[in-house]
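Single-structure report; data block below.
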Amino acid sequence: MGKPILEIKDLHVAFKTYAGEVQAVRGVDLQLEKGETLAIVGESGSGKSVTAQSVMRLIPSPPGKIKKGEILFEGKDLIQISDKEMFRIRGSEIGMIFQDPMTSLNPTMTVGKQIMEGLMWHQKLSKDEAYQRAVEMLRLVGIPTPEKRVNQFPHQFSGGMRQRGMIAIALACNPKILIADEPTTALDVTIQAQILELMKELQVKTETAIILITHDLGVVAETAHRVAVMYGGKVVETGKVEDIFYRSRHPYTWGLLGSMPRLDIKREDDLSPIPGSPPDLFDPPKGCPFADRCPYAMHICHDEMPKVTEVTSGTHQVACWLEDSQAPSIESRGAKVNIVSQ
Amino acid sequence: MTMPAERFESAPKRQAAMEVLRRPSVTYWQDVWRRLRKNHLAIIGLIGVALLIIMAIIGPYLQDYSYYEQNLGTGKNLSPSGEHLFGTDDLGRDVFVRVWYGARISLVVGFAAALMDLLIGVLWGGIAGYKGGRIDEVMMRIVDVLWGLPYLLIVILILVVMDDPGLLPILIALSITGWLNMARLVRGQILQLKEQEFVMAAQTLGASTKRLMLKHLIPNVMGPIIVMITFTVPTAIFAEAFLSFLGLGIQAPFASWGTMINDSLIVILMDDWWRLFFPAFFLSMTLLVFNFLGDGLRDALDPKMRK
Amino acid sequence: MLRFIGRRVVLMLLSLWVIATLTFVLMKCIPGDPFTSEKKYPPQTIANLKAEYGLDKSIPEQYVTYITNLAKFDLGFSINNTSRTVNEMLSDSFPVSAELGAYSVLLALCAGVLMGITAALWQNRLPDYVMMILAVIGISVPSFVLAPFLQKYFGLEWKILPLAGWGDPPQIILPAAALALGQVALIARLMRSSMLDVVTQDYIRTARAKGLPPWRVISRHTLRNAIIPVVTIMGPAIAAVLTGSFVIEKIFSIPGMGKYFVESITNRDYPVIMGTTIFYASFLIMMNLLVDLTYGWIDPRIKVGGREGR
């Protein structure tokens, strides 16, 4: 493992609302290696999108505010640099695609122009050069007859094609990092598979590192190299995709895996949803955010945030009191862990 | 690092505490009122409208003159004083009494227009939206065609033909044309609501048309209807003043703000500023307070703002 | 797009027909006929006059003649001033009103859009409050209330601008301002809310994610989309300026259509009233069509219909 291309350290983000301050992200640490795909998984409200938007400094402000932390990209702290420097990095060094391709493209501008814009701004290409590049990009993302499509408006594209267009916009300037915020959630299942396939293909071609935000573990299994599981504004477990799927250590990850539909489990122990609802981030718990829903919760879980334990040095980490040497083993309490046994 | 062993004992889930809602629940109308109350301009509007209504009722009795009583001798063009709070006009009539008499006319016109909006507009739009299909098509075509015609022009045409200036012809002319906006709004809202699950659910459960209308559709379009009405009132008040100004509306000796402004246009050449100022000021203030109230209600009722 | 235009044209012709029929019916509702109200003519003269103007024929025949004449843009004659046709009066006064109206609409559009943008960019800060208070006042003060005060201060007290009249360029300023004020306010409010709405759209986030600086996001993405609703109210805005011109032309003694229209109302010169009404209505309906076409041109979702991608 080399030096990470992006490193998030102790990130805190809060949103002001009339009812108080929502602590959306509460101390997130993440690393992204060159050319890898890191999936950030969690349910809605876990802080995964906010983390991603913080990297781009696209948190709507007000009400949002980055309270604390560092986001190091090639040694520069993206939180500290000037707006001007950030404008240079956005789009050219780090690209982003969003969840809903139906609303993420400007309806009054041709798709081609929307691709050309970034090129002309960052790389100072002439109009003709940018146009040629836009056609190339559309061809690269697999849009048929790109010469014709480049002059069309978003409403003339189907949902899947719009997302391809979004990817073309995001990758136009050859960014080193691509942040994909739920890129397939709004799409049909068959289109989802195509878009994921495309992203994998393009990653091999362009060596772009990808941060993939999703709540869909199926998507993770298909595309990611590493996974970070977020809950209640914190990262509870990170590891290689095999670590998370086969050797996960956090009860929330087990819960996530248990609530995923699968073909290979017996009917009677079908889906097991996680009971309860996520913590109220207006007034976040001082202990582990999952303690209230955790079947293995201990007194200490409610009172103190667990430290990060290295399960496999450098790759697999988990924040859970069960890792503590004083904690009883789960098996001794007769817990059902068959959901993680393969 | 070791910790007391009991801290690692299994702890009961705190599920029960979590299911309790942390913020008190409020009904829609309580929520609307809470937001309206916080809006200073809306409250100014509300107080202004209330004051206007009170003054329109009691204003003409506060001074011992009538709106038509002339004093052609010494009482002409008197500036405001204790005797005549707003002065007198070129025929010696008391401007204070005439202004509040004008307020009555404006308010009658405004509220009559609002009533027509409710009676014709809501019914027309409601039927078109609820019935749908052919009936909707025909009803809305009629609205579309009338919509293409300039409102004040039609009103003028009707007034010219009636050839009998006064309050009633104005009310009739305004009623014939004023409900189009409302019909369009209500139809759109009903169409949208009809598609929503809770209405379908009620239908599936066998709710009667009457129940569907009264319990599900009308309460849900109430908000937009109220907002529309608060804007109908100033529009009608403006229209009456405009027509009276043109000489098509209320005629002397009756006092309408529009007539009074028209009568006193000449004073810009003289120093009798009060004759123009008071009717102009109260007309503008009336439109202003209704607009404040309407804006406030719209913001308070807009579900998009609800967080 | 063709379908869109076609639909609009059909609707427009329908509206025109409705207003023509309406004026005809209303004209027939007026008690008596144009010649009974005026001086006492001998019965033979009246009969001759009626024959000359086709008033002796049956109502349906008159209706056909009337519609045919309208189709030939013949609006009839004035009773009070028999030497002039309505067409002649309109051709004299329309350019005057059109000039005044065009300046007012232009002023309303420019000032309104600028004010709306300013308010939106400084949302909930001082410029926003100032703009929106000005706008609410603008909506609440009728032009015929504002106009005399403008005359008094700018014309009489400070003597900056001419009091009234027509022909000199400075004479257009006060009436145009009085006419535009209400529309400035409406457009400013609409532009503001439209901008605030567009700013929260996903495609603006996409534009920002491209690394475009704020001014470029605003000029290339926000404005174009925010101005679409403003275009849609230009029809009503033009109509309001037009009806406003009745009183403004009267107050400022401008020899435009509005002034003649008001005079014809006072004199009960029915053919002129009817003719002018039809002219106004056709003009507005035409303007609405123009606005719709502009709308289609600005919003490509209408211009290039259909989804080929599916």
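Protein chains in written order, with UniProt numbering: chain U, 1 to 342; chain V, 1 to 307; chain H, 1 to 310. Even glycine gets a Cβ: it sits at the ideal position worked out from N, Cα and C.
Under a Cβ-count criterion, where at least 16 other Cβ atoms within 10 Å of its own Cβ denotes burial, should residue i be classed as buried or exposed?
| i | result |
| --- | --- |
| Arg37 of chain V | exposed |
| Phe252 of chain H | buried |
| Phe290 of chain V | buried |
| Thr214 of chain U | buried |
| Thr37 of chain U | buried |
| Thr177 of chain V | buried |
| Phe73 of chain H | exposed |
| Pro43 of chain H | exposed |
| Glu61 of chain H | exposed |
| Gln15 of chain V | Because Gln15 of chain V carries a pLDDT of 47, less than 50, the predicted location of this residue cannot be relied on, and the following value inherits that uncertainty. Gln15 of chain V is exposed by the Cβ-count criterion. |
| His40 of chain V | exposed |
| Pro4 of chain V | exposed |
| Trp215 of chain H | exposed |
| Met298 of chain U | buried |
| Ser61 of chain U | exposed |
| Asp292 of chain H | buried |
| Asp163 of chain V | exposed |
So the candidates are the options; which of them puts its Cα closest to the Cα of residue i?
| i | options | result |
| --- | --- | --- |
| Ile30 of chain H | H:Arg268, H:Asn87, H:Phe279 and H:Met287 | H:Arg268 |
| Ile66 of chain U | U:Glu74, U:Arg57 and U:Phe73 | U:Arg57 |
| Phe279 of chain H | H:Ala209, H:Ser245, H:Leu190 and H:Leu16 | H:Leu16 |
| Gly287 of chain U | U:Cys301, U:Cys294 and U:Gln31 | U:Cys301 |
| Gly48 of chain V | V:Phe278, V:Leu297, V:Leu301 and V:Thr286 | V:Thr286 |
| residue 343 of chain U | U:Thr315, U:Met305, U:Gly75 and U:Pro144 | As displayed, chain U neither begins before 1 nor continues past 342, which places residue 343 of chain U out of reach and without an answer. |
| Leu223 of chain H | H:Ala102, H:Arg192 and H:Leu174 | H:Arg192 |
| Phe282 of chain V | V:Arg187, V:Lys210 and V:Trp100 | V:Trp100 |
| Gly45 of chain V | V:Asp89, V:Val122, V:Pro234 and V:Phe254 | V:Pro234 |
| Gly121 of chain V | V:Val221, V:Val97, V:Leu159 and V:Leu91 | V:Val221 |
| Gly314 of chain U | U:Thr145, U:Pro273, U:Thr108 and U:Arg226 | U:Arg226 |
| Arg184 of chain V | V:Lys210, V:Ala173 and V:Met140 | V:Met140 |
| Leu181 of chain H | H:Ser219, H:Gly112, H:Ile285 and H:Arg205 | H:Gly112 |
| Leu196 of chain H | H:Ser282, H:Thr21, H:Asp128 and H:Leu109 | H:Asp128 |
Mapping DSSP to helix, strand and coil, what is residue i?
| i | result |
| --- | --- |
| Ala39 of chain U | strand |
| Gln31 of chain U | strand |
| Leu62 of chain V | coil |
| Gly20 of chain U | strand |
| Ala207 of chain V | coil |
| Tyr68 of chain V | coil |
| Leu125 of chain U | coil |
| Ala108 of chain H | helix |
| Thr238 of chain U | strand |
| Ala147 of chain H | helix |
| Met109 of chain U | coil |
| Asp197 of chain H | helix |
| Ile143 of chain U | coil |
| Ala178 of chain H | helix |
| His299 of chain U | helix |
| Asp94 of chain V | strand |
| Ala14 of chain U | strand |
| Asp77 of chain U | strand |
Near residue i, what residues of its chain come up, given a Cβ to Cβ distance below 8 angstroms and the 5 sequence neighbours on each side ignored?
| i | result |
| --- | --- |
| Val311 of chain U | Gly239, Asp243, Arg247, Arg249, Gln317, Val318 and Glu323 |
| His216 of chain V | Leu193, Phe198, Val199, Ala202 and Ala207 |
| Ile228 of chain H | Ser194, Tyr295, Ile298 and Asp299 |
Beta carbon of residue i: closer than 7 angstroms to some heavy atom of the ligand MG?
| i | result |
| --- | --- |
| Pro60 of chain V | In the structure on display, the ligand MG does not appear, and there are no ligands present to speak of. |
For residue i, which residues from the same chain have a beta carbon less than 7 angstroms from its beta carbon, with the 5 sequence-adjacent residues on both sides left out?
| i | result |
| --- | --- |
| Leu196 of chain U | Thr184, Val219, Glu222 and Thr223 |
| Val141 of chain U | Arg164, Ile167, Ala168 and Leu198 |
| Leu11 of chain H | none |
| Ile53 of chain V | Leu107 |
| Pro4 of chain U | Gln31, Leu32 and Glu33 |
Which whole-angstrom value describes the C-beta separation of residue i and residue j, a residue pair presumed to lie in contact below a C-beta threshold of 8 angstroms?
| i | j | result |
| --- | --- | --- |
| Trp121 of chain U | Gly211 of chain H | 7 angstroms |
| Leu173 of chain U | Leu119 of chain U | According to the sequence as given, residue 173 of chain U is Cys; it is not Leu. Rounded, the Cβ-Cβ distance is 6 angstroms, consistent with contact. |
| Leu161 of chain H | Phe154 of chain H | 5 angstroms |
| Tyr260 of chain H | Thr103 of chain U | No, Tyr260 of chain H and Thr103 of chain U are not in contact; Cβ-Cβ is about 52 angstroms, not under 8 angstroms. |
| Leu187 of chain U | Leu217 of chain U | With 8 angstroms as the limit, Leu187 of chain U and Leu217 of chain U do not qualify as a contact, their Cβ atoms being about 17 angstroms apart. |
In chain order, what residues of the same chain have a beta carbon less than 6 angstroms from the beta carbon of residue i, not counting five sequence neighbours either side?
| i | result |
| --- | --- |
| Val13 of chain U | Ala24, Val25, Val50, Ser54 and Ile66 |
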